[in-house]
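Protein chains in written order, with the working numbering: chain U, -9 to 190; chain R, -9 to 190.
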C-alpha cells in the first residue's frame, strides 16, 4: 500500500474547501488514501507575513471573483460567507479529537463543516455550530463539548501546526504526495499527473 | 472580430514566461489575438506590499520547485537563472518602442527576451543584451539604442504601468478576456473554458 497523501487545510480557506471536494476522489483513482490535517492559517501567516487574500490591496476584489469562478470551473457549490474569514480553532480541535476515535466520522465532520460554511453560510467559528455538526455526523456531543475545554485538545492542534510549519507549510490547501509538495487548489491537475506518472 | 485578449507580464516573472509560451495558441484556437503588455512588477509591488516569491519566508523554496515543475507540466523548457529576479526596464521599454513600429517584430523580440533569460540564462537586465536580441529579431539596433536614452520611452512604460494598476492589476501574468481578469499561469485552463463557453 503506497503512502497516504497529506492534505493540510484551514476550514476558513475557500481554496481549501474546493480541494476538499476533490482530493479523496483523485487519490482513490490511484489507490491512495488521504490524511486530512486542519491547521490555522492565522498562526502560519504570523511567520510568513502573509495576510488573508481579501485584505490585500487590489488582490481582494480579484480574489472574491476567483473563488467563485474557480468553484464553477470545478463544479463545486460555493457562496462566500458574509463573515469571512473566521476563526476555526473549535472546528480544527474537534477534528483531531474525533479523528482519534474514528477517522470516518472525522471525515464526515470535516465535509460538514466546510459545506456548512461555504454552502449554507453558517458561522463555523461558533463552538455551538461545531458541536451541532459533530453530533449530526454521529459524534457524542457532550463528550466533545467537555473535551473542547481541556488544555490537551488545544495543545494537540498547536503541535500539529508547529509540525506543519517545520515541514515548510506556508499556506493552504497544501498537499504532500510522498515528498512532493503542492500548494493551492489549482495544483490538483499536477497532483493527478504526479500520481499517474510517479513524478515528472 | 472579437476583442483581443490582453496579456500583462514582467519579463522577469517565471509564470509570465510559462504563460507567454501558451497564450497565443490558446487565443488563436478561439479566433482571438493577444495584446502583449510588459510591466514592472517592482513598481506594482510598491502598492500591494508584495515581494518576489523567492524572497518570502518558507514560500521561497517551494516557489523554486514549483516554477520548474509547472514548466515540466506545461512542456516548456525552463532553467531558473542564477541572477533572479532582474530589472526589466530596458526590455519593457524596448518592447513598446518596437511595437509602435511593427507588432510582429515586437512579439518575436518578447519571445527572444523570455527565452534568453529562462532557457539560456542570459542577463536580460543588461541593455546590451536587450539591444542584441532586438537586432537579431530584425530591429534597427542604433535607432533603438538612441531611443532608450530619451525621456519619451521612459514615460511610455510609466504610463502603461499606471494604466494597468488603474485597472486593478496586482501581479503577473494577468490576462483579461473581455472584462474578465485571470491571474497566474495556472488560470490558463479557466481562460480556455471561458473562451470556449463565452463565460461560465
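For glycine and all other residues, C-beta sits at the position ideal for the given N, C-alpha and C. Note that the structure is a prediction, hence the values are computed from the model and not measured.
**Item:** Contact set between residue 158 (chain U) and chain R, taken where Cβ atoms lie within less than 8 Å
**Value:** Simply 48, 51, 52.
**Message:** Which same chain residues end up closer than 6 Å to residue 17 (chain R) when comparing Cβ atoms and leaving out the 5 residues on each side of it in sequence?
**Reply:** Hits under 6 Å: -5, 24.
**Asked** Using a Cβ-Cβ distance under 7 Å, would residue 176 (chain R) count as near chain U?
**Response** Yes, its Cβ sits closer than 7 Å to a Cβ of chain U.
**Contact with chain R by residue 62 (chain U), beta-carbon distance below 7 Å** = Chain R places a beta carbon closer than 7 Å to that of residue 62 (chain U), counting this residue as a contact.
**Item:** residue 97 (chain R) versus residue 152 (chain R): straight-line alpha-carbon distance, rounded
**Value:** Whole-angstrom Cα-Cα distance: 22 Å.
**Request:** Label residue 190 (chain R) either buried or exposed according to how many other C-beta atoms from any shown protein chain fall within 10 Å of its C-beta, with 16 as the threshold for buried.
**Result:** Classification for residue 190 (chain R): exposed.
**Asked** Quick one: which chain U residues come within Cβ less than 8 Å of residue 171 (chain R)?
**Response** Within chain U, the residues near residue 171 (chain R) are 52, 55.
**Any chain R beta carbon closer than 7 Å to residue 190 (chain U)** = Residue contact check for residue 190 (chain U) against chain R: a CB pair falls below 7 Å.
**Asked** Around the C-beta of residue 131 (chain U), are 16 or more other C-beta atoms found within 10 angstroms, so that it is buried, or is it exposed?
**Response** Counting the other Cβ atoms within 10 Å of the Cβ of residue 131 (chain U) gives fewer than 16, which makes it exposed.
**Prompt:** Can you pull the DSSP bridge partners for residue -1 (chain U)?
**Reply:** Bridge partners of residue -1 (chain U): U:28.
**Request:** For the segment 135 to 167 of chain U, enumerate the residues whose C-beta is nearer than 8 Å to any C-beta of chain R, in chain order.
**Result:** Per Cβ criterion, the list reads 155, 158, 159, 160, 161.
**Message:** Any contact between the segment 78 to 96 of chain R and the segment 123 to 139 of chain R? By contact I mean 3 or more CB pairs, one from each, below 8 Å.
**Reply:** Counting Cβ pairs under 8 Å, three or more are found: they touch.
**Message:** Any beta carbon from chain U within less than 7 Å of residue 44 (chain R)'s own beta carbon?
**Reply:** Answer no: the Cβ-Cβ gap between residue 44 (chain R) and chain U never drops below 7 Å.
**Message:** Let me confirm a value: residue 175 (chain R) is counted as buried when at least 16 other C-beta atoms fall within 10 Å, else exposed. Which label applies?
**Reply:** Residue 175 (chain R) is buried by the Cβ-count criterion.
**Unbroken stretches of the alpha helix (DSSP H), 4 residues or longer, contained in the segment 139 to 185 of chain U** = Within the segment 139 to 185 of chain U, complete alpha helix (DSSP H) segments of at least 4 residues are found at 141 to 156, given in chain order.
**Prompt:** Considering residue 91 (chain R), what are the terminal residues of the alpha helix (DSSP H) in which it resides?
**Reply:** Residue 91 (chain R) -> alpha helix (DSSP H) spans 79 to 91.
**Request:** Could you tell me how far apart the beta carbons of residue 0 (chain R) and residue 78 (chain R) are, in whole angstroms, since I believe they sit closer than 8 Å?
**Result:** The pair is a contact, with the Cβ atoms about 6 Å apart (cut-off 8 Å).
**Request:** Select from the segment 27 to 39 of chain U all residues with a C-beta closer than 8 Å to any C-beta belonging to chain R, and list them in chain order.
**Result:** Within the segment 27 to 39 of chain U, the qualifying residues are 37, 38, 39.
**Asked** What first and last residue would you give for the alpha helix (DSSP H) that runs through residue 56 (chain U)?
**Response** Its alpha helix (DSSP H) spans residues 49 to 64.
**Request:** Please report the residue range of the alpha helix (DSSP H) in which residue 10 (chain U) lies.
**Result:** It spans 4 to 10 - the alpha helix (DSSP H) in which residue 10 (chain U) sits, taken as one unbroken run.
**Asked** residue 180 (chain U): buried (16+ other C-beta within 10 angstroms of its C-beta) or exposed?
**Response** If you draw a 10 Å sphere on the C-beta of residue 180 (chain U), you find 16 or more other C-beta atoms in it, and that means buried.
**Prompt:** What did DSSP end up calling residue 72 (chain R) once you bin it into helix, strand or coil?
**Reply:** Residue state, collapsed to three classes: coil.
**Item:** Close beta carbons around residue 42 (chain U), own chain, < 7 Å, minus the five adjacent residues each side
**Value:** 75, listed in sequence order.
**Asked** Which residue's Cα is closest to the Cα of residue 191 (chain U): U:171, U:68, U:21, U:14?
**Response** In this structure chain U extends from -9 to 190, so residue 191 (chain U) is not present and cannot be described.
**Among R:160, R:177, R:90, the one whose alpha carbon lies nearest that of residue 36 (chain R)** = The shortest C-alpha separation from residue 36 (chain R) is found at R:160.
**Request:** Using beta-carbon positions only, say whether residue 5 (chain U) and residue 163 (chain U) come within less than 7 Å of one another.
**Result:** Yes. Within cutoff.
**Prompt:** How many whole angstroms separate the CB atoms of residue 138 (chain U) and residue 117 (chain U), which I take to be in contact at a CB cut-off of 8 Å?
**Reply:** Rounded, the Cβ-Cβ distance is 6 Å, consistent with contact.
**Prompt:** At least one CB of chain R closer than 7 Å to the CB of residue 180 (chain U): is that the case?
**Reply:** Yes, residue 180 (chain U) counts as interfacial toward chain R.
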